[in-house]
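Below is one structure, written out as structure tokens, with a few remarks after it.
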Amino acid sequence: MTKTQNNQIILSYQEEIKNKIKTSLELKGWVYGKDYHEEDLITIGKYLKAKKETPFGYQLILKKKSYMQMFYKETDQIIFYHFQNKLQKIHSLFNQSLNLEKLKTMNIANFTNNKIIKKYWNYFESEQTKPSLYLYGDFNTGKTFFFKLIMQYFLKEKKDFLFLFLPDLPRQFKPGWFDEELNNKMDHLRNIPYLFLDDLGAENLSIYFRDDILYPLLNARQEKGLITFISSNLNPSQLSEHLKITNDNNQILKALRIINKLKKMCQFYNLDLTHNNLNQSQKGVLK
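Below, the structure written as structure tokens:
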């Protein structure tokens, strides 16, 4: 092939790419000499061909900085898919089921007293001075529901969280059990950005779990400034009774140590979404 023939092939290819640019829905507004130049045509040609064969979950990006380049980027859908899988794995580690589809479809508008929820939400936003929350109140007053609304927000924003039904947790930590899985669990508990501990006080509490798991966990999260959401049927006084296990002075001090830790970390609210009692709950806030 002569040099002249070779140049003709190159010119023909360049014209072909220019025509494809003109008919491309994505690139048809591009102007030769302004948006792209002769040296960019080979890359653009490869891009237009590869775009038709882009793998599922990825999008092909064409971008010019100092030169024209193309690269693959995960789609928002696949990023969210990986995030959901990550959440499911974390919860599976603790034998907790997480119904993400149900969480996605939760709607405050379907809750009979949604105005009350909004009042609480607005109050928390304006008055919260500590990073964590302790919600207490009777059965079926909406504590867990309220937390799940917060979880729904974290899910949409792709923020890592862990929701634990606390009565299930002590069975997973027994005295003398030290292995990689337990260390992995403690690592998640100490470091997950947002931890939900549901129904504190309903667990079958042991001295070991209280002193070697619960307190170190709360202490680590406070020191790191990580947010912890706790729900309970017990107010602070009742929780203190639960935590002391026996009336021995040493046990009373151990219980008070946890209560004091919670007061440093959390603001306490007596939450009841079944009645419009926000003023009453405000009086019960422990600053």
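Going by my numbering, the sequence shown opens with residue -2, and the numbers climb by one from there. Note that beta-carbon positions come from the ideal geometry of N, C-alpha and C, so glycine has one too. Note that the structure is a prediction, hence the values are computed from the model and not measured.
- Shown here, M183 sits in a helix according to DSSP, grouped into three states.
- Contact between the region 63 to 76 and the region 129 to 149 is not established, with fewer than three Cβ pairs separated by less than 8 Å.
- Distances from the alpha-carbon of K46 to those of M67, G26 and K62 put M67 closest.
- Between the alpha carbons of E98 and L84 lies a gap of roughly 13 Å.
- S63 has its alpha-carbon roughly 24 Å from the corresponding atom of L22.
- Contact between the region 199 to 207 and the region 152 to 170 is present: 3 or more CB-CB pairs across the two stretches fall below 8 Å.
- One thing to note: L59 has its Cβ no nearer than 9 Å to the Cβ of Y78.
- Y29 places its beta carbon 9 Å or farther from that of K48.
- By the neighbour-count criterion, in which 16 or more other beta carbons inside 10 Å mark a residue as buried, T225 falls on the buried side.
- As computed with DSSP, Y131 is found in a beta bridge with I227 and F265.
- Comparing alpha-carbon positions, the option among T1, Q93, N267 and N180 lying closest to L231 turns out to be N267.
- Per the coordinates, the alpha-carbon of G173 lies some 23 Å from the alpha-carbon of L161.
- Fully enclosed alpha helix (DSSP H) runs of no fewer than 4 residues occupy 73 to 90 of the region 59 to 98, in order along the chain.
- DSSP places D157 in the coil class of the three-state scheme, outside both helix and strand.
- DSSP links D195 through a beta bridge to F162.
- About 10 Å separates the beta carbon of L186 from that of L179, a gap too long to meet the 8 Å contact definition.
- Secondary structure of L270 (DSSP, three-state): coil.
- Within 10 angstroms of the beta-carbon of K101 lie fewer than 16 other beta-carbons, which makes it exposed.
- Within the region 10 to 66, the complete alpha helix (DSSP H) segments of 4 residues or longer fall at 38 to 48, listed in chain order.
- Judged by beta-carbon spacing, D157 lies beyond the 9 Å limit of I227, meaning their Cβ atoms are not closer than that value.
- Annotation for L211: no alpha helix (DSSP H) segment contains it, and DSSP assigns it neither H nor E.
- In the DSSP assignment, L240 falls within the alpha helix (DSSP H) that extends over P233 to K241.
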